[in-house]
Each structure stands twice: as C-alpha cells, then as structure tokens.
Amino acid sequence: MRNKFAECLTRAAETNESLCLLYADIGNRLFDKLKGVAPTRTINAGIAEANMASMASGMAQMGLHPFIYTITPFTTARNFEQIKVDLAYANVPVVIVGTGSGLAYANLGPTHHSFEDIALMRVLPNMKVVCPADSMELEALFPQLLEEKGPVYFRIGKKNEPLNYVEPPKLKIGKAHVLEQGNDIALVCTGPVLDVGAQIAEQLKQEGVSCQLTSLHTVKPLDQDYLASLNEFKLVVTIEEHSLVGGMGASLCEWSMDTRKPLNILRCGIPDEFIDQLSSNQSARERIGLTAEAIIPKIKSRLD
Amino acid sequence: MQTQVAQDIAKIRHQLVEISCKNKVPHLACSLSSVEILYTLYFKIMQINPEQPQWSDRDRFLLGKGHAAAVLYSVLGFRGFYPTDAVMSLGEDLSPFEEHPGKHSPPGVENISGSLGHALGLATGMAKAAKLQGSSAHFYVLVGDGELNEGTNWEAAMFAPAHQLDNLTVVVDFNKLQGTGRSCDIMQLEDMQEKWHAFGWNSTRIDGHSVEELEQALAKESIVAGQPRAIVADTVKGHGISFMADDNNWHYRIPTEEELASVAETLGIERAEG
Numbered sequence: 107m108r109n110k111f112a113e114c115l116t117r118a119a120e121t122n123e124s125l126c127l128l129y130a131d132i133g134n135r136l137f138d139k140l141k142g143v144a145p146t147r148t149i150n151a152g153i154a155e156a157n158m159a160s161m162a163s164g165m166a167q168m169g170l171h172p173f174i175y176t177i178t179p180f181t182t183a184r185n186f187e188q189i190k191v192d193l194a195y196a197n198v199p200v201v202i203v204g205t206g207s208g209l210a211y212a213n214l215g216p217t218h219h220s221f222e223d224i225a226l227m228r229v230l231p232n233m234k235v236v237c238p239a240d241s242m243e244l245e246a247l248f249p250q251l252l253e254e255k256g257p258v259y260f261r262i263g264k265k266n267e268p269l270n271y272v273e274p275p276k277l278k279i280g281k282a283h284v285l286e287q288g289n290d291i292a293l294v295c296t297g298p299v300l301d302v303g304a305q306i307a308e309q310l311k312q313e314g315v316s317c318q319l320t321s322l323h324t325v326k327p328l329d330q331d332y333l334a335s336l337n338e339f340k341l342v343v344t345i346e347e348h349s350l351v352g353g354m355g356a357s358l359c360e361w362s363m364d365t366r367k368p369l370n371i372l373r374c375g376i377p378d379e380f381i382d383q384l385s386s387n388q389s390a391r392e393r394i395g396l397t398a399e400a401i402i403p404k405i406k407s408r409l410d
Numbered sequence: 025m026q027t028q029v030a031q032d033i034a035k036i037r038h039q040l041v042e043i044s045c046k047n048k049v050p051h052l053a054c055s056l057s058s059v060e061i062l063y064t065l066y067f068k069i070m071q072i073n074p075e076q077p078q079w080s081d082r083d084r085f086l087l088g089k090g091h092a093a094a095v096l097y098s099v100l101g102f103r104g105f106y107p108t109d110a111v112m113s114l115g116e117d118l119s120p121f122e123e124h125p126g127k128h129s130p131p132g133v134e135n136i137s138g139s140l141g142h143a144l145g146l147a148t149g150m151a152k153a154a155k156l157q158g159s160s161a162h163f164y165v166l167v168g169d170g171e172l173n174e175g176t177n178w179e180a181a182m183f184a185p186a187h188q189l190d191n192l193t194v195v196v197d198f199n200k201l202q203g204t205g206r207s208c209d210i211m212q213l214e215d216m217q218e219k220w221h222a223f224g225w226n227s228t229r230i231d232g233h234s235v236e237e238l239e240q241a242l243a244k245e246s247i248v249a250g251q252p253r254a255i256v257a258d259t260v261k262g263h264g265i266s267f268m269a270d271d272n273n274w275h276y277r278i279p280t281e282e283e284l285a286s287v288a289e290t291l292g293i294e295r296a297e298g
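So the sequences go chain by chain: A and B.
Count along the first sequence from 1, add 106, and you get the number used in this note's numbering.
Count along the second sequence from 1, add 24, and you get the number used in this note's numbering.
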C-alpha cells in the first residue's frame, strides 16, 4: 500500500503545486520519483515527528496542503498533542499518513504496533479517519484527500496486502462500500483485514449462510445511512486490526446505544493486551484469533 | 520627562496590570517581561498593516509562551488592530481575548497558543512554506526560557538551519523564572546564546528591556544569509513594577485595586475618573 501511496502522491504533485510531503526519515527510496517531480516539496523532517506535525500546520496555514508520513505509532501517538492542537483544533488541511498500521510490523514488536491509533484520532474534533483496505481502495480514496479542508488521518498498511478488487472501486470518504450483498450476517471490515471478512463470507456461503461484506473504510465520520440499515441482520460482525477498545467496532456500539437502534454486534480485533515475540503479521493474527478459522466458530455460537 | 516610546510602554504596562486586576487573570509577570520585545517588533520592525491583518506577505509574530497573551493583545490594540480598550473583555465568555489565544482570536493574532513548544515549529513550517512560495515575509517567534524545557523547540532548532531559513527569528524572553522556580536551577539553560549558536543559528544576547538594543538586534541588517536568527533577550519577570520585579509570586498573583493605583502613579498614568 505504501508504494501505491507514493505513486498517487507523485501523480498528484505533478499538477498540484500546493501538495507537499513531510516524512520522518523513513521510506528508503520510496519517494525517489516524488523527489524527481517535486524536489523542494519532498521534505525530510528528520526523526522529529512532533515538530513535523507543527511544521505541517504552519505550512497549511500558508496555503500549502501537506502530508505527514511515517510509521503509524510515531505519527499518531508520539505527536498526539501536536496533532490535537496544531492540526485538529487549528482545523487545517493536513493529511496524517500512518504506514504499517495495526500489526503490519508484527515482528518489530509493540513499539511498532498500532492498536490505538483509530481511537486516538477519532476522539479529536474535526478529524476524519480513513482506512483503505488495499492498494485499490487507496487509489480510489486518494484524490478525495486533496479536497478536504480539514485534517484527515489516512491509515495505510505496508506492502503486498491481498487485493480485494481487480480495479479501483468507486468509493467516497464517509460512505461504506458493500462488496457483496447478503441477508443473514453483516461483516463490517476496516483496513487490510477485509480479506479475512471475504474468507468468512465465502466459507459461510458454502454452509448456506448469506453474508453482506462491507468495507467501512471511513471510521469517522460514520456512514449513518449504512449503519441504520444494519438492523436487518441477525448479527453484525466487526473486523479490524485495532484494539477492541476505541476502534471501529466500539464506535458502532456507541452509535447503536446513542441512536437506540439495538444491534447484535460481535467485535473482532486486538484484545486489551500487548502482543510480542511475533514472527509475522499472519502469526500475530493467529495468536489473537483474527482469522476466518477463529472467527467463524464465534459467529456460529452467536447464531445458536 | 518621558520619551514617546517610554510613555507608550508605560501605558501598555499599566494596561496589563489593569487587565489582571479587573478581570482576575494571572500570568501578569510573564507578560511584563515581554513588553519591550513586542513593542519593538510591532512598532519598529514588522512589515504589517493593521487595516489589512490578513495581507498575505505580512510579517508574522507567533507567541510561544501563550500564557503571556495579554501583552500580545495589548500591544496589538495600541498598534491599531482594534480599539485599545477591547482587550478589557479578556477572559469573559465568548470574548475573542482568551487567556490563551484560541481559534477565534482577535485580528493580528497568528497562532493558537497555551501549550508550550508549538510556536517555533509552526513558524518554522511557515518560514519553509514562504521560501517555497517565494514570499518575502519574515517570521518572529517569542519563546520563554521555561518553554525551552520542551524538546520540540530543539527539533525545530535543528530543522531551521538545515533548511537555511533566514526568514525566521526566535526571541528568547530569558527572565530566569518559570512556573515554580529559577529556570536555570530546574534545567541547564545556560549558555543560552551558545546553545543556539551550536545549533547553527546566528545568535546574539541583549538587554530585553532596551528598545534600542532590541531594534538593532531585530533589524534586517543583522540577518545573516542562510541562517535563522536567535536573539537571547535578558529580561526580568515583572519588569517595570518595583514590587513585582523578579518575584515569582506574580506568576499567579492578582493585583489589588490599591496596587493598581500605585502602579498608575509610579508609571505616570493618569487614570480616568470612576
């Protein structure tokens, strides 16, 4: 996904002279093409993420449209207070790009995991939270980032995420995207775990259970119309590579309570614990039960 | 016989004491140490137009030590951005004059402040953007010595020289006191000028209560091409009011009506009846 991000950014920078990138000394050679197109607007801010966020605000206040980019925990948690004040309260058009989100960097340990970033970003007024599932979704959503007048958190993966589409789908920030229609269960996915949802849908289909598969790429603002349609399902399963505390599933529970529209929700995500001694993203998902094999029995027990 | 400059500065100082007394807002001493710095910037140095506060090529002043908002508001009033008495709503519900400058601040205020260690990064981003855009604007930042405890300042301090931001000037209001004590006992702040020099800044150290010295240090002529500029201004917290000077109780204390009257007399201010 990060390669697609660099490609989209480079293409946009060719015509959009206000676009600029600040990155915290990460992405060896990733931005070489961007540097060719926009050498002065490709800025290594150093390993100084807090200052990077403040500088981006200053640049936005001068009329530029900055992106700030590094590994997710360092540009959401480490510089949270700069994001709160200088980007969210100031309400300036800056795109915060967190790469390797969730457990993409599983083997690098909890320092590099981001199980808290959606929670941190969605609590901030003015902030939008957009989480593409793969390179196709990223490409579809990217141009809309440049139309935003306020801050957006763009939560992306690392590389080689499985593709869920053969070409970029028609997506709109703030609108859920239904990939497959179904009647019994709604599988609501955020981010690269969309393929886990697809596997569940496929397996349950063979057992005669009809699943709706949805990419809820925008966690904030929530698609109210889509959520209002969920009461038609026996079960709503939320799937995300994020803590169960404060994530997409939690936001659906809040919505359900606040709107008095009861939903039968099964939340799947990262439990409230640190996970270490991991070899890969897949081993992490197996450890915490974020796989089709682990989720299907939970679904069945809820349906019994 | 006071000069015009001295009279203007006395009026600002009196207004600060008056605001603190009438509106019961603290942080008076922190504002008093910055009066000459802001006066010099707004009356002698900066390319601004109070009639057009959003003029795109204007010089910008960013306040780092947001708790000294009162001095910025007061100076902007005397400089003609709004009537001088507008600031007397400071701290009231829905007033643009908040105790820390917010999103809905009055004309002339360039940044949200209150959390320390943000302004230098903001101004560094603005200065970098101005270079990209070919703007001639200059960016001035006031930081407190206590504020420099925050590490983000030093992140910006490394970035700005690497990008040759000679359109950026930081002024350190070095009043030697922070919230609860002597700043140089709490953190190793000296050699302050040498610190900035070591980070690659064109640095000087002056008397921060001398308008002449400030004017000279802030003049265009003192800019070195390709280098950001740091001016370490030695100041006294509570300067200009004998019973407040260098007394850290006035970080939070509110003056009484009697104290306000005595300040007016000392500063040679004639107070309106009633």
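Even glycine gets a Cβ: it sits at the ideal position worked out from N, Cα and C.
Bear in mind that the values here come from a model prediction, so they are computed numbers and not experimental data.
Query	Result
Are the beta-carbon atoms of residue 164 of chain B and residue 132 of chain B separated by less than 9 Å?	no
Please confirm if residue 187 of chain A has its CB atom under 9 Å from at least one CB of chain B.	yes
Would you identify the three-state DSSP class for residue 386 of chain A, choosing helix, strand or coil?	coil
Let me make sure I understand the geometry here. Which of B/154, B/266, B/67 has the alpha-carbon closest to that of residue 188 of chain B?	B/154
Comparing C-alpha positions only, which one of A/133, A/131, A/116, A/132 sits nearest to residue 125 of chain A?	A/116
Please determine if the segment 144-160 of chain B and the segment 205-213 of chain A are in contact, where contact requires at least 3 C-beta pairs separated by less than 8 Å.	no
Extract the residue ranges of the beta strand (DSSP E) inside the segment 231-300 of chain A, only unbroken runs of 3 or more that lie entirely within it.	234-236, 258-261, 283-286, 291-296
Note down, in chain order, each residue of its chain lying with its Cβ closer than 6 Å to the Cβ of residue 317 of chain A, except the 5 sequence neighbours on either side.	288, 291, 293, 307, 310
How big is the Cα-Cα spacing for residue 282 of chain A and residue 379 of chain A?	29 Å
Cβ of residue 156 of chain A less than 9 Å from any chain B Cβ?	yes
Do residue 344 of chain A and residue 375 of chain A have their C-beta atoms closer together than 9 Å?	yes
Taking all protein chains shown into account, decide if residue 234 of chain A is buried (16 or more other Cβ within 10 angstroms of its Cβ) or exposed.	buried
Which residues does DSSP pair with residue 231 of chain B in a beta bridge?	B/258
Would you please verify whether the beta carbon of residue 184 of chain A is less than 9 Å from any beta carbon of chain B?	no
Closest to residue 146 of chain A by CA distance: which of A/400, A/368, A/120 is it?	A/120
How many Å lie between residue 184 of chain B and residue 225 of chain B at the Cα?	8 Å
Reducing DSSP to helix, strand and coil, say where residue 196 of chain B ends up.	strand
Residues of chain B with a CB under 9 Å from the CB of residue 152 of chain A: which are they?	179, 182, 183, 186
Nearest to residue 192 of chain B by CA position, among B/44, B/83, B/122, B/60, is which residue?	B/83
Between residue 169 of chain B and residue 213 of chain B, which are expected to be in contact by the criterion C-beta below 8 Å, what is the C-beta distance as a whole number of angstroms?	6 Å
Just curious, the beta strand (DSSP E) that residue 345 of chain A is in, first and last residue?	341-349
Give the residues from the segment 66-81 of chain B that approach chain A closer than 9 Å (Cβ to any Cβ), ordered along the chain.	80
Quick check on the burial criterion: 16 or more other C-beta atoms within 10 angstroms. Buried or exposed for residue 134 of chain A?	exposed
Does the beta carbon of residue 257 of chain A come closer than 9 Å to any beta carbon on chain B?	no
Report buried or exposed for residue 287 of chain B, applying the criterion of at least 16 other Cβ atoms within 10 angstroms of its Cβ.	buried
Quick one: what does DSSP say residue 352 of chain A is sitting in, helix, strand or coil?	coil
Classify residue 111 of chain A: buried if its beta carbon has 16 or more other beta carbons within 10 angstroms, exposed otherwise.	buried
Determine the burial state of residue 73 of chain B: buried for a count of at least 16 other Cβ atoms within 10 Å of its Cβ, exposed for fewer.	exposed
From which residue to which residue does the beta strand (DSSP E) around residue 127 of chain A run?	125-129
Who are the near neighbours of residue 265 of chain A in its chain, counting only those whose CB is closer than 8 Å to its CB and skipping five residues on each side?	107, 108, 109
Would a check of beta-carbon distances place residue 161 of chain A closer than 9 Å to chain B?	yes
Counting Cβ pairs, one atom from each stretch, are 3 or more of them under 8 Å apart for the segment 274-281 of chain A and the segment 353-363 of chain A?	no
Could you check if residue 276 of chain B is buried or exposed, using at least 16 other CB atoms within 10 Å of its CB as the buried criterion?	exposed
Quick one: any contact between the segment 188-199 of chain A and the segment 251-262 of chain A, if contact means 3 or more CB pairs under 8 Å?	yes
What do you reckon, are the CB atoms on residue 137 of chain B and residue 125 of chain B nearer than 9 Å?	yes
According to the Cβ coordinates, are residue 201 of chain A and residue 260 of chain A closer than 9 Å?	yes
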